[in-house]
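Visitor: Residue numbers (the working numbering): 45 to 326.
For every residue, glycine included, the Cβ atom is placed at its ideal position computed from N, Cα and C.
This is the structure I want to talk about, given as structure tokens.
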Amino acid sequence: MYIKGILALSLATLVSAKLDGCAKTFALAVTNIYENGDTAFHFDYCENLKDGRGYTSGIAGFCTGTGDAWEVIQLYHKLTGGNDDFTPMDSVLSKYAANSDSSTKGLKDYCKVWENLGNTDKKFRRAQALMRDKLYFDPSQEYGDKVGLKLSISQAQMYDAGIEHGTWPDKDGLPTLIEETSASFQNDTLGDSGSTLDINGHKVDEIVWLQKFMDVRQDHLLHPREPDNQSGGYWAQTLYRVRSYQFAIDQKEYMWTDSVKVLDNDGNPICIKCQTATCPAK
45 MYIKGILALS
55 LATLVSAKLD
65 GCAKTFALAV
75 TNIYENGDTA
85 FHFDYCENLK
95 DGRGYTSGIA
105 GFCTGTGDAW
115 EVIQLYHKLT
125 GGNDDFTPMD
135 SVLSKYAANS
145 DSSTKGLKDY
155 CKVWENLGNT
165 DKKFRRAQAL
175 MRDKLYFDPS
185 QEYGDKVGLK
195 LSISQAQMYD
205 AGIEHGTWPD
215 KDGLPTLIEE
225 TSASFQNDTL
235 GDSGSTLDIN
245 GHKVDEIVWL
255 QKFMDVRQDH
265 LLHPREPDNQ
275 SGGYWAQTLY
285 RVRSYQFAID
295 QKEYMWTDSV
305 KVLDNDGNPI
315 CIKCQTATCP
325 AK
């Protein structure tokens, strides 16, 4: 991998993600709300948010200026044999990925191609899903497993933070947020979640740890440490991601099985259900 120390992890080196089945579906759907405004998977999404990352596109907000969009496209090339609608842009995309360049010069057809393939091409959708898991979902769950997280809400928060902050160890990345969170616990800290973590040799309730993690994350959203994350004050506009999870904590939505209730980006409660399950009455 290229950019900002993106983890060069092969699929074989990753432990099995703890979240699966409906719980994983919920985690992905909740982050979809924050990214695109609803629970659907917007494989065709593409725009320039002017946040210093070039074009943002697809189900995980893959960016031309951070290299993960190029990773998706390279995998797509492998699935198509290397001759597809992105091929004419390869030299520009690889250069921008290698140099963390947010320029969109030479990519005038990029969004047009991404949107079309996202709507019509199963191989392109597969490439996006595989790279989402390889770069974000699986690493986020591995980090959570190292902390000892067992509750769905905590594991899902690791994924959402990984999507926005990145799973690489820069000054705002998920590993940094976890390190800062755990370093703050110097005594046993009790709670009522039913799950206890071993943090620095102390017993710490998992929800208490998660609350602190979200405080740390909010501070990084308001005051990004990495210059690339400070562009336009965009991160400060996404505090709804933290507020939504806080709402779920307040509802004691710790284990995500049949349904989960969170807040949408406007602060309205929304219930997500699994298959034939029903949402609880208000």
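Is the stretch 144-152 close to the stretch 93-110, with three or more CB pairs under 8 Å?
Guide: With the cut-off at 8 Å, the stretch 144-152 and the stretch 93-110 touch.
Visitor: If you follow the alpha helix (DSSP H) that Pro183 is in, where does it begin and where does it stop?
Guide: It spans 182-191 - the alpha helix (DSSP H) in which Pro183 sits, taken as one unbroken run.
Visitor: Would you call the stretch 145-165 and the stretch 85-102 in contact, with 3 or more CB pairs under 8 Å?
Guide: As far as the Cβ criterion goes, the stretch 145-165 touches the stretch 85-102, which means the pair count is three or higher.
Visitor: Measure from the alpha carbon of Pro183 to the alpha carbon of each residue in Gln199, Thr322, Ala67, then state which is nearest.
Guide: Considering only alpha carbons, the answer is Gln199.
Visitor: Does Lys152 pass the burial test, meaning 16 or more other C-beta atoms within 10 Å, or should it be called exposed?
Guide: So Lys152 counts as exposed.
Visitor: Could you give the residue range of the beta strand (DSSP E) that holds His264?
Guide: It is not in any beta strand (DSSP E) - His264 instead sits in the alpha helix (DSSP H) that spans 250-266.
Visitor: Just to confirm the assignment, what range does the beta strand (DSSP E) spanning Ser101 have?
Guide: Note, Ser101: beta strand (DSSP E), 99-101.
Visitor: Per DSSP, what kind of secondary structure is Phe229 in: helix, strand or coil?
Guide: Coil, per DSSP.
Visitor: Is the stretch 187-202 in contact with the stretch 59-73, if contact means three or more CB pairs nearer than 8 Å?
Guide: Result yes; three or more Cβ-Cβ pairs closer than 8 Å.
Visitor: Can you say whether Arg261 is buried or exposed, counting buried as having 16 or more other CB atoms within 10 angstroms of its CB?
Guide: So Arg261 counts as buried.
Visitor: Taking the beta strand (DSSP E) that Leu283 belongs to, which residues open and close that run?
Guide: Run containing Leu283: none; DSSP gives neither H nor E here.
Visitor: Are the beta-carbon atoms of Ile207 and Tyr187 separated by less than 8 Å?
Guide: Contact flag unset, no.
Visitor: Is Ile243 a contact residue of the ligand SAM, with contact defined as CB to any heavy atom under 7 Å?
Guide: The ligand SAM is absent from the structure shown, which contains no ligand whatsoever.
Visitor: Taking the beta strand (DSSP E) that Glu91 falls in, what are its first and last residues?
Guide: Start and end: 90-92.
Visitor: Under 7 Å Cβ to Cβ from Ala84, same chain only, skipping five residues before and after it: list those, please.
Guide: Answer for Ala84: Asn76, listed in chain order.
Visitor: Can you say whether Ser288 is buried or exposed, counting buried as having 16 or more other CB atoms within 10 angstroms of its CB?
Guide: That one is buried.
Visitor: Can the beta-carbon of Trp300 be found less than 8 Å from the beta-carbon of Phe70?
Guide: A contact, by the Cβ cut-off of 8 Å.
Visitor: Judging by CA-CA distance, which residue of Asp128, Asp259, Ile197, Met175 is the nearest neighbour of Tyr154?
Guide: Ranking the options by Cα distance to Tyr154, first place goes to Asp128.
Visitor: Find the nearest neighbour of Cys318 within the set Ser303, Val252, Gly311, judged by alpha-carbon distance.
Guide: The candidate whose alpha carbon is nearest that of Cys318 is Ser303.
Visitor: With 16 other CB atoms within 10 Å as the buried threshold, where does His267 fall?
Guide: It counts as exposed.
Visitor: Grab me the residues of Gln290's own chain with a C-beta within less than 7 Å of its C-beta, minus the 5 sequence neighbours each way, in chain order.
Guide: Cβ neighbours of Gln290 beyond the five flanking positions: Met258.
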